[in-house]
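Working notes for the structure below.
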Amino acid sequence: MAAADDMKFQEFDDAANLLAANPDATTISIDEPVEIPKNQHSHLQEPGREEDDELLGTNDSDKTELLAGQKKSAPFWTFDYYQTFFDVDTYQVLDRIKGSVFPVPGKNFVRLYIRSNPDLYGPFWICATLVFTIAVSGNLSNFFIHLGKPTYHYVPEFRKVSIAATTIYAYAWLVPLALWGFLMWRNSKVMNIVSYSFLEIVCVYGYSLFIYIPTAILWIIPQEVVRWVLMIFSLCLSGSVLVMTFWPAVRDDNRRVALVTVGTIVLLHALLSVGCLAYFFDAPEVEVPAPIIPAQNGTVITKS
Amino acid sequence: FPGLTDVSISEDIPVEGEITVPVGSHSPDEDFSTLDEPVRDTIMRDLKAVGKKFVHVMYPKKSSALLRDWDLWGPLVLCVSLALMLQGGSADSRDDGGPQFAEVFVIIWFGAVVITLNSKLLGGTISFFQSLCVLGYCVLPLTVAMLVCRLVLLAGSGTISFVIRLIVVIAMFGWSTLASTAFLADSQPPNRKALVVYPIFLFYFVISWMILTFTPQ
Chain L
1 MAAADDMKFQ
11 EFDDAANLLA
21 ANPDATTISI
31 DEPVEIPKNQ
41 HSHLQEPGRE
51 EDDELLGTND
61 SDKTELLAGQ
71 KKSAPFWTFD
81 YYQTFFDVDT
91 YQVLDRIKGS
101 VFPVPGKNFV
111 RLYIRSNPDL
121 YGPFWICATL
131 VFTIAVSGNL
141 SNFFIHLGKP
151 TYHYVPEFRK
161 VSIAATTIYA
171 YAWLVPLALW
181 GFLMWRNSKV
191 MNIVSYSFLE
201 IVCVYGYSLF
211 IYIPTAILWI
221 IPQEVVRWVL
231 MIFSLCLSGS
241 VLVMTFWPAV
251 RDDNRRVALV
261 TVGTIVLLHA
271 LLSVGCLAYF
281 FDAPEVEVPA
291 PIIPAQNGTV
301 ITKS
Chain Y
1 FPGLTDVSIS
11 EDIPVEGEIT
21 VPVGSHSPDE
31 DFSTLDEPVR
41 DTIMRDLKAV
51 GKKFVHVMYP
61 KKSSALLRDW
71 DLWGPLVLCV
81 SLALMLQGGS
91 ADSRDDGGPQ
101 FAEVFVIIWF
111 GAVVITLNSK
121 LLGGTISFFQ
131 SLCVLGYCVL
141 PLTVAMLVCR
151 LVLLAGSGTI
161 SFVIRLIVVI
171 AMFGWSTLAS
181 TAFLADSQPP
191 NRKALVVYPI
201 FLFYFVISWM
211 ILTFTPQ
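Protein chains in written order, with UniProt numbering: chain L, 1 to 304; chain Y, 1 to 217.
Right under this line is the structure:
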């Protein structure tokens, strides 16, 4: 053994020499994770999932997950941590609103628009706008419905603002919390290809409530049929955004659990809109033609 | 120190000065000490500052006086007077009436804080209290609108008075929003201005709604 050889970096030489000396020895090679080529991933999955990868955008999900890991590095008690949740521009917010109002069938809202940049601006201010829109529209519609009556005295009904605020904010923040906990629990039992962070779920719920703002304004129209048609229409639009987001997350699970989960999501959404319509908007009076009742003593009494 | 061996102070340059520290009327703190002035001067100075800011709000030019010397006296006075004027609305039960005093107070201050936090989180460069100051002072046109509405309602509460009140409230709402936007929008990055202006719009819209729906007994 020469001294000069001892100083040289001999790692590969040693391995090759040792392997040549003992060909049957077990070898361990350590690769870095990012060097695994993409086609190895797809070989491991079933062939039916390939179109889902395209729809879900998992082609760049590795990159976005790396970027997301680098982004939120400030500790949670500093102001900068919360500033990362407001890192959106005007056009991004408008794009996300557009994506919630016009859901493209088959495209996932989270993967398409959120892309690991969930924001809290949209959910918070959409909820605030919805609270005041429902309260103001309800007040206006009650005013127009009761307008002609002599016994009616207009009241601003300001209490309803606090009730509306509690309801809408509880729905937009507690239901995502429950759903996120449920998905995490199922995720530990069943291997899912899709899992959402809590903020992404809050984002989806917040933006899906946007369609109710014009709906609430149009609910001023005092016709029952119009109101129910509007409600079903907006429920379908926002419900489809939610369903298309969460169906890939529970699809791998037990069939019944998946259906019950998606059904509960839609049911809660429907309950919110029906409840708001029933509580904040009085039923418009239906004009009933007065039936004529012949009385015993010959006089005619009309029932109005 | 070799270089200093030939330095010497020549005899004909006088060296003089005072060693004792002067006490009494020559200390530099005298100009900033306001402890000895009459109380009237102190109050008048603050009142003049508040009044100057009111004038800046009514004629919003891009001056930095409102931002630089912020104070919260003006917003407090405006908020209290607006909340007081919104009392006395009629209601069959307490639940159906207009906003209570505490509700108006909370809406104005909590709303201003939330808007300030929002603009700071979006990357604004304005400080917390400066933003509160601007938002509070820009409630002035709406307070004037409330005063006008109450005077109009003394005359009658028919359709004409409603139309007058509607026009006045809409005009003052526009004035408030434009005034506060003129002061606050410059401190935002340009691609997020609309995100900051919209909550201000919502804030003044809610206050205008409270003013417009005020019905007396």
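Glycine included, C-beta positions come from ideal geometry on N, C-alpha and C.
The DSSP assignment places complete beta strand (DSSP E) segments of no fewer than 3 residues inside the stretch 214 to 298 of chain L at 292 to 294, in order along the chain. Counted as a single uninterrupted DSSP element, the alpha helix (DSSP H) harbouring Y/Cys149 occupies residues Leu140 to Ala155. Rounded to whole angstroms, the gap between the alpha carbons of L/Val241 and L/Pro103 is 6 Å.
With respect to chain Y, the C-beta atom of L/Ala128 has a partner C-beta closer than 8 Å.
A straight line joining the alpha-carbon of Y/Tyr59 with that of L/Phe198 spans about 46 Å.
Taking all protein chains in view, the Cβ of L/Asn139 is crowded by 16 or more other Cβ atoms within 10 Å, so the residue is classified as buried. For Y/Pro216, the secondary structure class from DSSP, reduced to helix, strand or coil, is strand.
Fewer than three beta-carbon pairs drawn from the stretch 85 to 104 of chain L and the stretch 171 to 178 of chain L are found closer than 8 Å, and the two stretches are therefore not classed as touching. Between Y/Val169 and Y/Ala145, the gap from beta carbon to beta carbon is short of 8 Å. Between L/Ile126 and L/Tyr207, the C-beta gap is smaller than 8 Å, which places the two residues in contact. Within the model, the alpha-carbon separation for L/Ile220 versus L/Phe281 is close to 8 Å.
Among the residues facing chain L, Y/Glu18 is not included, as its CB has no counterpart in that chain under 8 Å away.
Interface annotation, Y/Gly156: not in contact with chain L, CB-CB separation never under 8 Å. The continuous alpha helix (DSSP H) containing Y/Met85 extends over residues Trp73 to Met85. The DSSP-derived three-state label of L/Asn117 is coil. Within the stretch 169 to 203 of chain Y, contact with chain L at the beta-carbon level (separation under 9 Å) is assigned to Pro189, Asn191, Arg192, Lys193, Ala194, Leu195, Tyr198, Pro199 and Leu202. L/Ala74 sits in coil when the DSSP states are folded into three classes, being neither helix nor strand.
Interface criterion not met: the Cβ of L/Phe76 is under 8 Å from no Cβ in chain Y. Not one beta carbon of chain L lies nearer than 8 Å to the beta carbon of Y/Leu142.
Straight-line measurement puts the Cα of Y/Ser119 at about 23 Å from the Cα of L/Leu209. The stretch 107 to 125 of chain L makes no contact with the stretch 134 to 149 of chain L; the number of CB pairs closer than 8 Å stays below 3. By the Cβ rule, the stretch 226 to 233 of chain L does not count as touching the stretch 143 to 152 of chain L, because fewer than three pairs are nearer than 8 Å. Excluding five sequence positions before and after L/Val194, the CB atoms of its chain that fall closer than 6 Å to its own CB belong to Pro248 and Ala249, given in chain order.
Under the Cβ distance rule, L/Gln223 does not count among the residues neighbouring chain Y, no pair being separated by less than 8 Å. Interface residue (Cβ-Cβ distance to chain L less than 8 Å): Y/Leu132 is not classified as such.
L/Asn117 counts as buried, since at least 16 other C-beta atoms from the protein chains shown sit within 10 angstroms of its C-beta.
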